[in-house]
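Single-structure report; data block below.
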Amino acid sequence: MADFFQTLIATIAVGSLYALVALGYTLVYGILKFINFAHSDIFVLGAWTTFAGSTVFLTKFGYEPEQSPWWLGVCVLLLAIFVCGLTGYLIERFAYRPLRKAPRLNVLITAIGVSLLLQNVGQLPGLALVRGPERVVTKPADQLTDREKSTNPEIAGDTATIREPGEALATLPFGSSPKRAPTILPDAVLNETVVASGTSKGGAKRGVIVLDQAIELVPDRGYRLEIARTIDGQPRRESLNLAVEPGKYEAGVELATQPRRNPADLDGARYTLVRDPLVPIRLLDVLIVASSLVLMAGLQVLVFRTKLGSAMRAVSFNVDTASLMGINVNFVISFTFVLGTALAAAAAFLYAMKYPSLQQPASGVWVLLGLKAFVAAVVGGIGNVRGAVLGGFLIAGIEFFGARYISTELRDVYVFGLLIVVLLVRPNGLLGSAVREKV
Amino acid sequence: MSAAHTDDNPAKLAEQHIRPNTGDGPVMLQVSDLHMAYGAIRALHGVDLTVRQGQIVTLIGCNGAGKSTTLRSISGMCKPQRGKITLEGREILGLPSHAMVRLGMAHSPEGRGIFANLTVEENLELGAFARRDKSGIAADRERALTLFPRVRERMKQMAGTLSGGEQQMLAMARALMARPRLLLLDEPSLGLAPQIVQTIFKIIREINAAGTTVLLVEQNAHMALNIAHFGYVLEVGRIVMARPAKELAASDEVRKAYLGGH
């Protein structure tokens with residue numbers, strides 16, 4: 000049962016991200032009637048901007064990832080939205096707009112071309128934006144290799160000092176760095192419970208806690224001790240593991256801990272004993288779902304409740320007539336592109352926060368994610384805003400539940416298998432309908 | 000109509016049939032020497048026409064004569080290769096369609112151009128897209144809905160579910176929402192029952208009486224000439240007749256060719 004709920008949580012979190020990317024496909028299709036194949040590359044660009052942007056910001060402002068303030072995450076998100084939005088605008092302006100009156104196939108092929116262009120530019124070696132610490136090697140001057148000699152070593156007497164620039168932590172464009180996104184959003188398990196409190200006896204050296212209350216430690220559930228600490232004026236919580244068997248313990252019993260070097264862990268320090276929840280709900284997942292829902296609701300309001308939204312729907316129905324209404328069609332199309340790419344950027348940012356250890360964005364993993372979002376858009380009914388959201392959750396559900404209960408290796412197969420089934424049974428997608436015009 | 004006349008001197012023919020539109024009002028729209036080709040297919044070969052303020056001017060002709068192309072060129076939907084178009088003295092050829100609306104021109108296109116995926120109300124409001132004056136928009140909306148009570152009954156419906164006549168009414172109501180000084184109407188009677196056509200033409204007259212200048216493209220020459228002040232006859236991309244509407248309606252050539260006359 001716990002498995003089921005954990006899978007459900009992952010489905011909702013990742014599904015909302017698929018939905019955000021799918022919305023970009025569907026918005027562009029709705030207006031221009033072609034699949035913007037470069038959209039998944041925009042998503043990758045958003046991930047890279049997140050990787051590089053957070054690395055650069057952390058270095059420039061001098062924060063460790065765990066203690067970065069909330070506004071840093073907002074800055075990186077805005078940067079990703081800006082970079083992707085601008086790229087989306089330029090692509091539309093210079094690649095698609097000149098082909099506005101050309102056959103649709105030409106635009107489609109151009110979209111594939113733009114996609115390949117972005118992928119290849121992304122893999123260029125790139126210019127280092129920030130570097131790690133300089134490497135300094137000292138060795139006897141007569142043992143220098145030819146390569147080392149070419150780096151202009153400083154020679155003082157018999158010893159040579161070789162200075163090598165530090166590893167490039169973030170490059171422009173992707174290159175091969177960085178490999179891992181720093182987590183700059185706050186994360187914690189929200190539904191854990193405090194079950195007891197205690198006092199340290201003898202500090203970290205002895206590693207013994209005296210309990211205030213009687214407790215029962217249940218098997219199969221994680222427990223940890225937490226202590227409040229202040230680091231650089233910031234209150235932080237440090238945790239410590241218990242080293243005892245499950246079972247019942249009376250008040251006043253001494254429990255052994257796995258001691259760690261901890262300056263706050265002195266004799267008499269106060270601890271709380273925290274039990275892990277059966278189904279952990281993480282703050283990050285809540286943030287992801289909440290921000291996705293806010294973006295999706297905002298989009299819904301924009302498209303269906305505002306003048307600009309009516310203009311977007313009018314342009315999607317008939318470009319020529321829309322311009323007769325005084326609608327600047329070029330502006331509406333550019334706006335739609337920027338909107339779609341901004342949603343992809345936000346999704347990429349959140350995805351990078353959830354899966355920080357995912358390989359660097361230039362890898363195929365990220366492109367595949369974009370493709371799955373495309374499947375979500377098609378399954379929901381391409382061109383249909385609500386369909387994209389439904390498709391996102393559906394695709395994530397089939398992927399995560401299939402991976403959990405059938406086989407992990409086949410997770411992509413479920414997604415693309417569903418695509419085939421939907422195309423066979425309902426070619427217009429679940430919510431799509433063939434619009435017939437009355438004459 | 001070439002069979003109808005015996006004089007084959009073109010200059011004399013033109014003199015006979017093409018007269019300048021000399022009304023009282025100032026010139027609202029002036030089109031001169033308009034040439035338009037779709038690729039290799041030439042649609043217009045030097046069209047000249049004048050619309051004066053306060054008039055209903057009609058442009059009649061057969062299918063494919065270039066009537067719609069003329070309107071589309073005026074409202075910027077297609078780009079003529081040569082010619083000159085001025086609206087209230089201002090050169091407008093080459094401006095995009097959406098800019099025309101701000102200059103006081105509204106174009107209700109052929110086939111009505113209803114956005115079937117939007118509600119009737121949203122369609123109507125898009126007509127005022129370029130405007131910012133809320134109270135003015137509300138007043139014009141009320142005026143348009145008074146002219147077309149059928150539209151008011153259908154406000155929350157999707158526009159695609161309307162009947163052909165209702166769609167035409169919506170298209171015209173929507174065009175009025177821009178508060179145009181010049182209204183271009185492309186075949187408002189197309190595919191409608193005679194009774195509804197009567198209503199539509201009655202309303203065109205009312206719109207004109209309220210101060211909007213109208214350029215009306217029609218295949219239904221009888222109805223169009225009946226309400227217009229001045230008429231132009233277009234044949235394969237050329238104006239072949241231009242006269243006050245009453246004279247056109249009475250002329251043998253027009254009666255034979257366009258009014259099913261005897």
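Protein chains in written order, with numbering that gives the first Met the number 0: chain A, 0 to 438; chain B, 0 to 261.
Note that the Cβ used here is the ideal one computed from N, Cα and C, for glycine as well.
Keep in mind that this is a model prediction, so the values were computed, not measured.
Please classify L189/A: is it buried, with 16 or more other beta-carbons within 10 angstroms of its beta-carbon, or exposed? exposed
Run through chain A and tell me which residues come within less than 9 angstroms of H44/B, C-beta to C-beta. Chain A residues near H44/B: none, gap ~24 angstroms exceeds 9 angstroms.
Own chain residues within Cβ distance below 8 angstroms of P19/B, not counting five before or after: T49 and A241
For the stretch 99 to 113 of chain B, list every residue whose C-beta sits within 7 angstroms of some C-beta in chain A, in sequence order. V100, R101, H106, P108 and G112
C-alpha distance - A321/A paired with V119/B, whole-angstrom precision: 15 angstroms
So, is the C-beta of K59/A closer than 9 angstroms to a C-beta in chain B? no
Cβ of F147/B less than 9 angstroms from any chain A Cβ? no
Is the Cβ of A341/A closer than 9 angstroms to any Cβ of chain B? no
V438/A in three-state terms, based on DSSP: Bear in mind that a pLDDT of 39 at V438/A, under 50, signals an unreliable position, so the model cannot answer this.
With 16 other Cβ atoms within 10 Å as the buried cut-off, status of K66/B: buried
Would you check if there are 3 or more beta carbon pairs closer than 8 angstroms linking the stretch 42 to 58 of chain A to the stretch 409 to 424 of chain A? no
In terms of alpha-carbon separation, which member of P258/A, R269/A, A402/A and P181/A lies closest to D211/A? R269/A
If we ignore side chains and look at the alpha-carbon of each, how far apart do S277/B and L215/B end up? Summary: the structure shown does not reach residue 277/B, with chain B confined to residues 0 through 261, and so no result is reported for it.
What residues of chain A sit near G38/B, judged by a beta carbon separation below 9 angstroms? Chain A residues near G38/B: none, gap ~12 angstroms exceeds 9 angstroms.
In its own chain, which residues sit with a C-beta less than 6 angstroms from the C-beta of G391/A, not counting the 5 before and 5 after it? G14, Y17, A18, A21 and A375
Identify each residue in the stretch 109 to 143 of chain B for which the Cβ-Cβ distance to at least one residue of chain A is less than 7 angstroms, and report them in chain order. G112, F114, A115, N116, L117, E121, E124, L125, G126, F128 and A129
With C-beta atoms as the reference, is G386/A less than 9 angstroms away from G379/A? yes
Separation of F316/A from E436/A, as counted between CA atoms: Confidence is the limiting factor: at E436/A the pLDDT is only 41, short of 50, which leaves the residue's position unreliable, though a coordinate-based value still follows. Taking the straight line from one Cα to the other gives about 10 angstroms.
Would you mind giving the Cβ-Cβ distance between M168/B and V196/B, rounded to the nearest angstrom? I have them listed as a contact below 8 angstroms. Going by Cβ atoms, the distance from M168/B to V196/B rounds to 12 angstroms, so no, they are not a contact pair.
Measure the Cβ-Cβ separation of T69/B and V30/B and say whether it is below 9 angstroms. yes
Taking Cβ positions only, does A227/B come closer than 9 angstroms to chain A? no
Which value, in whole angstroms, describes the spacing of the CA atoms of R131/B and V213/B? 24 angstroms
CA-CA distance, A172/B and G22/B? 28 angstroms
Would you be able to state if there are at least three C-beta pairs under 8 angstroms between the stretch 233 to 250 of chain B and the stretch 77 to 94 of chain B? no
Under 8 angstroms, CB to CB, which of the residues in the stretch 267 to 293 of chain A have a partner in chain D? Of the protein chains in this structure, namely A and B, none is chain D.
DSSP puts R223/A in a beta bridge; with which residues? N240/A and V273/A
Quick one: which residues of the stretch 80 to 101 of chain B get their C-beta closer than 9 angstroms to a C-beta of chain A? List them in chain order. P95, S96, H97, A98, M99, V100 and R101
Can you list the residues of chain B that I326/A reaches, using a CB-CB cut of under 7 angstroms? H97 and F128
Whose C-beta lies closer than 7 angstroms to the C-beta of L423/A among residues of the same chain, with five residues either side of it excluded? none
For A262/B, count neighbouring C-beta atoms within 10 Å of its own C-beta (all shown protein chains included) and say buried if the count is 16 or more, exposed if not. What is shown of chain B runs 0 to 261, which leaves residue 262/B out entirely.
Validate contact between the stretch 277 to 285 of chain A and the stretch 181 to 200 of chain A using beta carbons, cut 8 angstroms, 3 pairs: yes
Here's the rule: buried if 16 or more other CB atoms are within 10 angstroms of the residue's CB, otherwise exposed. What is D32/B? exposed
Decide if the stretch 243 to 254 of chain A is in contact with the stretch 210 to 226 of chain A; the criterion is three or more beta carbon pairs, one per stretch, under 8 angstroms apart. yes
Across which residues does DSSP place G60/B in a beta bridge pair? L233/B
Note down, in chain order, each residue of its chain lying with its Cβ closer than 7 angstroms to the Cβ of G401/A, except the 5 sequence neighbours on either side. L409, R410 and Y413
Starting from K247/A, follow its DSSP beta bridges and name the residues at the other end. E215/A
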